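As structure tokens, the structure follows; a few thoughts come after it.
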Amino acid sequence: MADGKRLVGHAGAVLLRGCADRTGLTGALAKVLPSSTVAGWRGRAEVLVHLAVAIVLGASNLSEAEQPQLHHRPLSGPEASDSTARRALAALDEATLAKIAKARARVRRHVWGLLKLRPGGFPWLTVAGKRLRGWIVIDLDATVITSASKKAGAAVTFKKTYGFHPLAAWCANTTESLAMLLRPGNAGANTVADHITVLADALAQIPGSSAAKILIRVDGAGATHGLLEHLEALNTTRRTVRYTVGWKITEDDEKAIARLPGMAWETSVHQDGSLQEGYFVAELTGLNTREGWPEGMRLIVRRVRPARRHLKKLTEFERKTGWRYCVTATNIRHMWGIAGSGHAQFLDVLHRSHAGVEDRVRTNKAMGLDNLPSQSWEVNRGWMLAANIAADLPDAAVPVLGSAFVDTGLCCGVPPSHPGHAKPVVLRPTGMFARAWFTTTTDTGFPRPRSRRVTIRPDRPRSTGDTAVLTVQRLEEPRLQLLKIHDPRNSLNSRVLRGSIEPTPPHPTAPRADLCELPVHPEEL
Numbered sequence: 000m001a002d003g004k005r006l007v008g009h010a011g012a013v014l015l016r017g018c019a020d021r022t023g024l025t026g027a028l029a030k031v032l033p034s035s036t037v038a039g040w041r042g043r044a045e046v047l048v049h050l051a052v053a054i055v056l057g058a059s060n061l062s063e064a065e066q067p068q069l070h071h072r073p074l075s076g077p078e079a080s081d082s083t084a085r086r087a088l089a090a091l092d093e094a095t096l097a098k099i100a101k102a103r104a105r106v107r108r109h110v111w112g113l114l115k116l117r118p119g120g121f122p123w124l125t126v127a128g129k130r131l132r133g134w135i136v137i138d139l140d141a142t143v144i145t146s147a148s149k150k151a152g153a154a155v156t157f158k159k160t161y162g163f164h165p166l167a168a169w170c171a172n173t174t175e176s177l178a179m180l181l182r183p184g185n186a187g188a189n190t191v192a193d194h195i196t197v198l199a200d201a202l203a204q205i206p207g208s209s210a211a212k213i214l215i216r217v218d219g220a221g222a223t224h225g226l227l228e229h230l231e232a233l234n235t236t237r238r239t240v241r242y243t244v245g246w247k248i249t250e251d252d253e254k255a256i257a258r259l260p261g262m263a264w265e266t267s268v269h270q271d272g273s274l275q276e277g278y279f280v281a282e283l284t285g286l287n288t289r290e291g292w293p294e295g296m297r298l299i300v301r302r303v304r305p306a307r308r309h310l311k312k313l314t315e316f317e318r319k320t321g322w323r324y325c326v327t328a329t330n331i332r333h334m335w336g337i338a339g340s341g342h343a344q345f346l347d348v349l350h351r352s353h354a355g356v357e358d359r360v361r362t363n364k365a366m367g368l369d370n371l372p373s374q375s376w377e378v379n380r381g382w383m384l385a386a387n388i389a390a391d392l393p394d395a396a397v398p399v400l401g402s403a404f405v406d407t408g409l410c411c412g413v414p415p416s417h418p419g420h421a422k423p424v425v426l427r428p429t430g431m432f433a434r435a436w437f438t439t440t441t442d443t444g445f446p447r448p449r450s451r452r453v454t455i456r457p458d459r460p461r462s463t464g465d466t467a468v469l470t471v472q473r474l475e476e477p478r479l480q481l482l483k484i485h486d487p488r489n490s491l492n493s494r495v496l497r498g499s500i501e502p503t504p505p506h507p508t509a510p511r512a513d514l515c516e517l518p519v520h521p522e523e524l
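First residue of the sequence shown? That's 0 in numbering that gives the first Met the number 0, and the numbers climb one at a time after it.
The structure is reproduced here in structure tokens:
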């Protein structure tokens with residue numbers, strides 16, 4: 000990783016690959032993907048893991064995913080070309096994808112076991128100031144991936160764009176991508192069969208889902224007879240399934256809302272449990288009974304003053320009353336262990352927190368899903384799998400390597416919406432007399448926190464004091480012209496080695512902003 004001048008590029012790849020290896024992901028994939036002892040063969044598991052790591056580092060196509068191997072030959076092993084990666088993705092048929100899903104489920108069980116051993120325990124959600132201990136929350140949502148050229152499955156979407164319309168499920172507790180179904184662009188938003196398929200794949204990824212308490216949240220596309228009946232059927236003597244689903248308001252709903260007395264409206268609450276003045280909720284179930292819907296379904300209505308962007312979409316009833324209404328359907332009567340969980344105020348804020356899934360969608364798009372790189376449906380489906388694995392690797396970093404190795408402040412960070420091309424991060428350790436291990440780098444495109452630090456753990460402290468200091472210099476990459484033909488000699492690291500780019504050394508008396516002293520405490524070694 001380091002040359003004679005001690006330059007390290009894409010140092011974060013060490014952390015990501017270490018996560019994949021230490022969680023058993025690489026080994027689990029090797030058992031279900033083709034392997035061979037023939038000279039020159041590239042293990043398909045290694046190729047898939049490397050592709051996931053490259054996507055996290057910013058690769059947006061197979062050619063860019065090939066480039067990080069040039070800086071990490073000892074880490075990734077023999078280089079796998081973009082053609083090899085394409086063949087590996089194209090060979091992922093339905094049977095192989097099912098085996099990979101089972102392997103990921105086994106690895107996820109191991110990672111969740113490590114999560115429970117942390118000082119803070121498993122990350123249970125907090126809604127309205129109440130901790131949902133014991134509840135696994137699954138969020139379903141669809142998104143649009145645009146395409147600038149003709150590709151297999153690409154079609155005109157409901158947003159009048161051209162591309163794909165995948166449907167996915169995320170775990171709100173861990174922000175992991177549980178399942179994702181690639182669909183044509185003209186796929187329906189409320190297709191029951193697709194929702195049931197994605198939900199079944201997501202439940203298969205939840206450790207112990209056959210005897211768990213699960214909350215499923217869907218937007219308005221899930222308000223269908225078939226899906227709600229399926230959700231009710233998932234309840235067993237061992238498993239409890241509750242749901243909150245967005246509801247499309249009809250004329251009958253508006254008539255029921257008009258019959259609500261003024262005293263029925265209560266002030267809604269924020270996510271921290273404080274009152275949200277000017278926003279009101281009420282129970283609509285008794286005034287709006289419908290035949291054919293699951294027994295025990297409740298309707299919670301919320302009213303707010305319309306913003307300017309909502310004025311064009313208001314109904315005649317909303318213009319007359321001066322309020323904009325939203326309705327949520329749920330089967331929650333009471334959530335065990337959570338006081339007040341059956342109240343309309345709690346159910347309203349519980350469903351509103353489903354909006355956090357948009358962050359997951361944006362994160363996945365920033366890591367590989369902003370554009371599908373191939374004209375082949377099979378290759379794009381395999382790329383989507385690699386992007387989902389890439390989204391899970393940073394989430395597993397903290398529980399696997401521990402907070403002593405990973406800056407936990409990065410947990411609240413998100414990648415930028417447009418990562419652009421993969422850009423190597425070059426680090427120059429200075430004044431280092433003892434051998435050191437680069438365990439992580441925070442330069443992964445995260446805007447928060449703004450400080451960029453590298454945690455370096457030497458084999459032994461360099462001094463007999465309480466702190467060993469190591470100075471690290473970060474070299475900024477200049478603007479580069481994008482080349483049509485990839486040449487490894489044009490990478491930043493190679494040009495620094497040839498001396499074509501030489502950073503100006505800082506003045507001995509003028510401190511530089513990109514120089515930082517990193518304390519390493521001996522008791523943490």
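Yeah, the Cβ is synthetic: ideal placement off N, Cα and C, and Gly gets one too. Since the model is a prediction, treat every value here as computed from it, not as a measurement.
- Within a 10 Å sphere around the beta-carbon of Glu-315 sit fewer than 16 other beta-carbons, which makes this residue exposed.
- Under the three-state reduction of DSSP output, Gln-374 falls in the coil class, being neither helix nor strand.
- DSSP places Val-326 in the strand class (E or B) of the three-state scheme.
- Annotation for Thr-83: the continuous alpha helix (DSSP H) segment containing it runs 81-89.
- Around the CB of Val-155, fewer than 16 other CB atoms lie within 10 Å, so the residue is classed as exposed.
- Judged by DSSP secondary structure, Gly-277 falls outside any alpha helix (DSSP H) and instead within the beta strand (DSSP E) spanning 274-282.
- The residue from Leu-346, Asp-92, Arg-307, Thr-320 with its alpha-carbon nearest to that of Val-326 is Leu-346.
- Counting the other Cβ atoms within 10 Å of the Cβ of Met-262 gives fewer than 16, which makes it exposed.
- No Cβ-Cβ contact shorter than 8 Å links Ala-201 with Pro-165.
- Restricting attention to Ala-255, Ala-199, Leu-28, Ala-64, the CA atom closest to the CA of Ala-84 is found in Ala-64.
- If you look at Gly-162, you'll find it isn't in any alpha helix (DSSP H); it sits in the beta strand (DSSP E) that goes 161-163.
- Distance between Ala-354 and Ala-167, taken at the CA atoms: about 14 Å.
- Counting only unbroken stretches of 3 or more residues, the beta strand (DSSP E) elements lying wholly within the segment 206-237 are 212-217, in sequence order.
- Look at Arg-304 here: in three-state DSSP terms it is coil, with no helix or strand label.
- Remark: fewer than three beta-carbon pairs, one from each stretch, lie closer than 8 Å, so the segment 115-135 and the segment 148-162 are not flagged as touching.
- Out of Ser-59, His-194, Ala-44, Glu-175, the CA that lies nearest to the CA of Arg-182 is found in His-194.
- Assigned with DSSP and collapsed to three states, Arg-332 falls in coil, not helix or strand.
- In the DSSP assignment, no residue is bridged to Met-296.
- Of the candidates Val-31, Asn-172, Met-296, Leu-61, Met-296 places its Cα closest to the Cα of Thr-223.
- The shortest C-alpha to C-alpha distance from Lys-254 to any of Thr-173, Glu-228, Tyr-242, Gly-285 is the one to Gly-285.
- Fully contained in the segment 91-118 are the following alpha helix (DSSP H) runs of length 4 or more, in chain order: 93-115.
- DSSP places Gly-17 in no beta strand (DSSP E) but in the uninterrupted alpha helix (DSSP H) bounded by 11-21.
- A straight-line Cα-Cα distance of about 5 Å links Asp-391 and Glu-175.
- Contact between the segment 222-241 and the segment 262-279 is absent: fewer than 3 CB-CB pairs across the two stretches fall below 8 Å.
- Note: Met-179 is bridge-paired with Ala-167 in the DSSP secondary-structure output.
- The closest CA to that of Gln-270, considering only Ala-127, Glu-294, Leu-114, is found on Ala-127.
- For a cut-off of 8 Å, the C-beta gap from Ala-79 to His-49 is around 7 Å, short enough to register as a contact.
- The closest CA to that of Arg-237, considering only Pro-33, Val-244, Ala-211, is found on Ala-211.
- Residues Thr-173, Thr-174, Glu-175 of the same chain have their beta carbon placed closer than 8 Å to that of Asp-394, with the five preceding and five following residues left out of the count.
- Burial is judged here by how many other beta carbons sit within 10 angstroms of a residue's own beta carbon; Trp-335 has fewer than 16 and is exposed.
- The continuous stretches of alpha helix (DSSP H) do not include Asp-138, which lies in the beta strand (DSSP E) extending over residues 134-141.
- Between Thr-329 and Thr-266, the CB-CB gap reaches or exceeds 8 Å.
- Annotated as proximal: Arg-323 and Glu-317, with beta-carbon spacing under 8 Å.
- Its Cα nearest to that of Val-31, the residue Ala-87 stands out among Trp-111, Val-55, Ala-87.
- Sequence-distant Cβ neighbours of Ile-54 in its own chain, meaning closer than 8 Å and more than five residues away, are Ala-64, Met-366, Gly-367, Ala-385, Ala-386, Ala-389.
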